Amino acid sequence: MPVAVNEIKSPALLQGEGIPNFTAINAQQVQDHIPELLSALNKQFSQLEQDLDKVLASGKSINWEQVMSPLHQLQEQLRWSWGVVSHLNGVCNTSELRQAHAAQEPEVVRIGNLMGQSQTLHRALRRLKDQTSRPLLDSTQQRILNAELLSMDQRGVGLDDDAQQAFNTTSEQLAELSTRFSNHVLDATQGWSLLLNRSAQVDGLPQRALEVLSSAAKQAGDHREDGGEPTAEQGPWRLGLDMPRYIPFITHAKDRGLRETLYKAHVSRASAGELNNQPLIEELLSLRLEQAQRLGYMNWAELSLASKMAEGVEAVEQLLEELRAAALPAAQTELIELEACAKKHGAPEASQLKPWDVNFWAERLRQERFDLDQEALRPWFPLPKVLEGLFGLCERLFGIRIQSADGEAPIWHQDVRYFRVLDANGSDLAAFYLDPYSRPASKRGGAWMDECLIRSKSLEGQSILPVAYLICNQTPPQADTPSLMSFDEVETLFHEFGHGLQHMLTTVEYPQAAGINNVEWDAVELPSQFMENWCLDRTTLMGMARHWRTGEPLPEEEFAKLRSSRTFNAGLATLRQVHFALTDLRLHSCWTPDLGVSPDQLRRQIAETTTVMLPIAEDQFLCGFGHIFAGGYSAGYYSYKWAEVLSADAFAAFEEAGLELEDQIRLTGARFRDTVLSLGGSHSPADVYQQFRGRPATTEALIRHSGLAASAAAK
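Going letter by letter, the sequence shown gives residues 114 to 828 in the numbering used here.
Here it is in structure tokens:
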């Protein structure tokens, strides 16, 4: 048990093991073969229930291999096939694939509910947990079992028939609404562009940004007035809402009117017409509230936090309030400084800056205060050199080697790279895909890590090594110029690679707790945010920052400027994250359809104490807040700050060891690998961190790293 379904594994989508053959999987396969798979899994699960019923009726003790192993085999078949569909939907989105995904999603949710609501399975798991006779479970098995029982409770296993039917219907509705929300944001982002024909309209933009905009114009079929192809120098240039076009323009364009137009288009995405997400938001929040109350929770936030490291809503509110109190005075001072900078330049908006002015004047002030032009630093961060630096750091800290393995595995786009991860002795540990560039027409925005294969053992007892997807949306190469990265893009790559390291370097043999699995959501950002700290480590940065043409290292004075500017506008940045996190938490703990205010109005009330510049009328930020409405961060966006406390404190361990003392750095890195990166979800995050650090984390390092210590002291 379960019976293998080899007869249905000939289609690429039903391979069920190994690395997928991405190009062989299309919308038609999803339509044809996902129903086959679900039917086979239904039969397998029925057989498992029959086998468990016999054991339960006999009164005998039950063991892990009778229930958890076959359950995982079932779940893994679904994760593998549906995971490929979801992955391709994110990186190679087509209307056909989107429709096929949407058509099958309710059935996928349905079988998840079927397993999660099985009374037979629940009784078997309870017996496995409660029995005192041999065989006893080890601590990892106990954590996995407790998580599975909590998951079943939260999937309605304890509900009566009518309530369970309503629960299942709502689950399907929530999944469908989240997918529609994400698609609306993608379509709205793709659907807005503006053709610029006059050089005055792009005055101030760096060369790299001009190349990106002219390339977009070329792809759209635009031509110059004389019929020639678009060029960076002569245009035309096509502006868009994807990050590689939006960020440089809002930061550098001197045309304030166009900055305003772009900003308003960006913050009002998916808030009108057929793509309007406002009704979807209210429906999502209402259904989540209903779902939580069916399960006996007061609200969705309480349900969400039941499986997280934070003890409850009050604990999260306390953390956010501490950060808000430290950040607000700093942010108010920073805004005054931006106004002073604008006034010095004679800008008419100096007396009342608007949101589309903040990035522009922040960049001017940054350049003046630190003589730092981040766009001008792009030539020192070509992707190949950044990868060399990242891989060198991983060898230095964790004793691993990373080798290019292009051509050794199937890919889904020509931009995609494949790498192998080796231990110091040359043995294979893992592998990963890197899909680095923005493709706004077919790839959703943002950056993420996901699981392709999870560390486990096959039915035959052979080791399955982990394989990760690492997805970014950085500036693509242009002609013979490689991808020249902004420092923000460098940090994003390091961030996602931190997630990948936890997935790839796990030593846990139980797949349910290997890597990122069974790690509480608010602790899962620890390795990713930890890796960001190394971007400003001298050895790391100066080792990888090489000019793409000359090979010259980044000048010392530029490195010093980057370091000294690390905390620039940290108050505004921290306050922004607190605003997002508190909005998310309050929407899921306080908002109800009967509250008398819309979600947007509640967000605007929160903004009164969490922003120094209130949202403009056109600002419908929630309509694009995919993290909480189309991702896994509902009532969990605070996790970024919660984990940042852990990551800053973890990096402080290396600072205390001495960043220039190689022997100490390697020892500390080995300890980090053997705990945080190795143990995955086999222990509680607090226990894992205690093993690494020898004590619980404190906020001191985060406040110090953020430059907010003075604000906190003055509070």
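We put the CB at the ideal spot given by N, CA and C, even for glycine.
All of these numbers come straight from a predicted model, not from anything done at the bench.
- With 16 or more other Cβ atoms from the protein chains shown falling within 10 Å of its own Cβ, Ser417 counts as buried.
- Take Asp368, set aside five residues on each side of it, and the residues of its chain with a beta-carbon closer than 6 Å to its own are Gln314, in chain order.
- Residue range 306–309 is occupied by the beta strand (DSSP E) that includes Ser306.
- Beta-carbon to beta-carbon, Gly745 and Gln615 are separated by about 16 Å, too far to satisfy the 8 Å threshold.
- The straight-line gap separating the alpha-carbon atoms of Ser747 and His740 is approximately 7 Å.
- Only buried fits Thr364, as 16 or more other CB atoms lie within 10 angstroms of its CB.
- Excluding its 5 nearest sequence neighbours in each direction, Leu700 has C-beta neighbours in its own chain below 7 Å: Leu398, Pro712, Leu715, listed in chain order.
- Just so you know, the alpha carbons of Gly611 and Pro640 end up roughly 5 Å apart.
- Within a 10 Å sphere around the beta-carbon of Met598 sit 16 or more other beta-carbons, which makes this residue buried.
- Exposed is the label assigned to Thr136, since fewer than 16 other Cβ atoms lie within 10 Å of its Cβ.
- Rounded to whole angstroms, the separation of the alpha carbons of Leu402 and Thr705 is 8 Å.
- Here Ser569 is bridged, per DSSP, to Ile577.
- Secondary structure note for Gln314: it is in no beta strand (DSSP E), with a DSSP letter that is neither H nor E.
- DSSP, read as helix, strand or coil, puts Met562 in strand.
- Taking 8 Å as the cut-off, the beta carbon of Glu638 is found no closer than this to the beta carbon of Tyr802.
- Here Gly709 carries a coil assignment [DSSP, helix/strand/coil].
- Taking C-beta separations shorter than 6 Å and ignoring five residues to either side along the sequence, the partners of Ser760 in its chain run Leu639, Gln642, Phe643, following chain order.
- The alpha helix (DSSP H) runs of length 4 or more contained entirely in the stretch 385–427 are, from start to end of the chain, 391–407, 413–418.
- Using a Cβ distance threshold of 8 Å, Pro549 and Cys507 do not count as a contacting pair.
- Judged by pairs of C-beta atoms under 8 Å, the stretch 278–294 does not touch the stretch 315–326, as fewer than three such pairs exist.
- Within the same chain, Cβ atoms closer than 7 Å to the Cβ of Arg786 are found at Phe511, Leu618, the five residues on either side in sequence being excluded.
- In the three-state reduction of the DSSP assignment, Tyr376 falls in the helix class, which pools H, G and I.
- In this model, Arg557 and Asn630 are separated by some 24 Å (Cα to Cα).
- If you look at Ala799, you'll find it in the alpha helix (DSSP H) that goes 798–806.
- Distance check between Arg337 and each of Tyr359, Leu308, Asp273 places Leu308 closest, using alpha-carbon atoms only.
- Between Glu220 and Pro148 the beta-carbon gap is near 7 Å, inside 8 Å, which marks them as a contact.
- DSSP, reduced to helix, strand and coil, places Tyr582 within a strand of the structure shown.
- Linking Thr652 to Phe672 through their CA atoms gives a straight-line distance of about 11 Å.
- For Trp525, there is no enclosing beta strand (DSSP E), since its DSSP letter is neither H nor E.
- Here Leu790 is not near Ala439, since their CB atoms are 8 Å or more apart.
- Taken in chain order, the unbroken stretches of alpha helix (DSSP H) that lie wholly in the stretch 687–734 and span 4 residues or more are 712–723.
- Around the C-beta of Glu633, 16 or more other C-beta atoms lie within 10 Å, and the residue is accordingly described as buried.
- Between the alpha carbons of Glu775 and Asp536 lies a gap of roughly 19 Å.
- Asp541 has its alpha-carbon roughly 25 Å from the corresponding atom of Ala125.
- About 33 Å separates the beta carbons of Pro728 and Ser596, which is beyond the 8 Å limit, so they are not a contact pair.
- Note on Asn206: 16 or more other CB atoms within 10 angstroms of its CB, so buried under the neighbour-count rule.
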